[in-house]
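Protein chains in written order, with the numbering used here: chain A, 1 to 113; chain B, 114 to 228.
Written below as structure tokens is the structure these notes are about.
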């Protein structure tokens, strides 16, 4: 079983719609969860992080965490063509694992004008 | 505040050669992690350094090594290059190590091509 799993996509949504990106992880002791956006040919850019169960909102982005289900998601409201990118879910393990962050394979999102 | 910088941005090497990549973290950041990104394997963790000590290591052969200097700058070295080492090598810095609340910021990467 892979440690962090995401649907590879591509996920296509029309402009203005809500894009929903999902991620599951295997380490029940995981503490921190991150969403990165990566445009083609560029490096990953941190867009959201969440540590506690529930929702965290930042502008058009909402991260949702459910530790019991080992599930984290990212919602993008009012999707724009500029949101078209690969979204990487990253999970940091337990306190003793320092900075070993495990990345999922990424979900490719395409926002259609 | 300047971001993470990596040099060189592009490299072309031949099989059997060795290569050294450099990473300068964001000022004040003491943790540097290295990742390899390929289309087939995605983003894979190589190793992490904090205060000149390697804290974590991924599942890569011993040909991959790294170090960190007292100013937090880090280098990684790949010896006896193989075709499969062709990848984007990314460096990420963060302020602290061992803390859950520790976001990483990536540099632009070094694109290595092995011929």
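Every residue gets a Cβ at the ideal spot worked out from N, C-alpha and C, and that includes glycine.
Cα-Cα separation, residue i to residue j
i              : j              : result
residue 12(A)  : residue 69(A)  : 26 Å
residue 167(B) : residue 176(B) : 15 Å
residue 35(A)  : residue 158(B) : 16 Å
residue 178(B) : residue 48(A)  : 31 Å
residue 40(A)  : residue 163(B) : 30 Å
residue 193(B) : residue 133(B) : 12 Å
residue 80(A)  : residue 58(A)  : 16 Å
residue 64(A)  : residue 102(A) : 18 Å
residue 45(A)  : residue 219(B) : 7 Å
residue 195(B) : residue 30(A)  : 34 Å
Expected contact under 8 Å - CB spacing of residue i and residue j to nearest Å
i              : j              : result
residue 135(B) : residue 119(B) : 7 Å
residue 127(B) : residue 227(B) : 7 Å
residue 138(B) : residue 185(B) : 5 Å
residue 22(A)  : residue 73(A)  : 5 Å
Per DSSP, cross-strand counterpart(s) of residue i
i              : result
residue 55(A)  : 64(A)
residue 200(B) : 225(B)
Three-state class that DSSP yields for residue i in the structure shown
i              : result
residue 14(A)  : strand
residue 88(A)  : strand
residue 155(B) : strand
residue 179(B) : strand
residue 82(A)  : helix
residue 209(B) : coil
residue 194(B) : coil
residue 24(A)  : strand
Proximity winner among the options, relative to residue i (alpha-carbon distances)
i              : options                           : result
residue 24(A)  : 7(A), 46(A) and 15(A)             : 7(A)
residue 62(A)  : 51(A), 52(A), 71(A) and 76(A)     : 76(A)
residue 153(B) : 100(A), 110(A), 93(A) and 106(A)  : 106(A)
residue 148(B) : 190(B), 209(B), 165(B) and 196(B) : 190(B)
residue 146(B) : 206(B), 172(B) and 222(B)         : 206(B)
Any non-hydrogen atom of the ligand NAP closer than 8 Å to residue i Cβ
i              : result
residue 208(B) : Inclusion of the ligand NAP in the displayed structure is not the case, the ligand content being empty and no account of it being possible.
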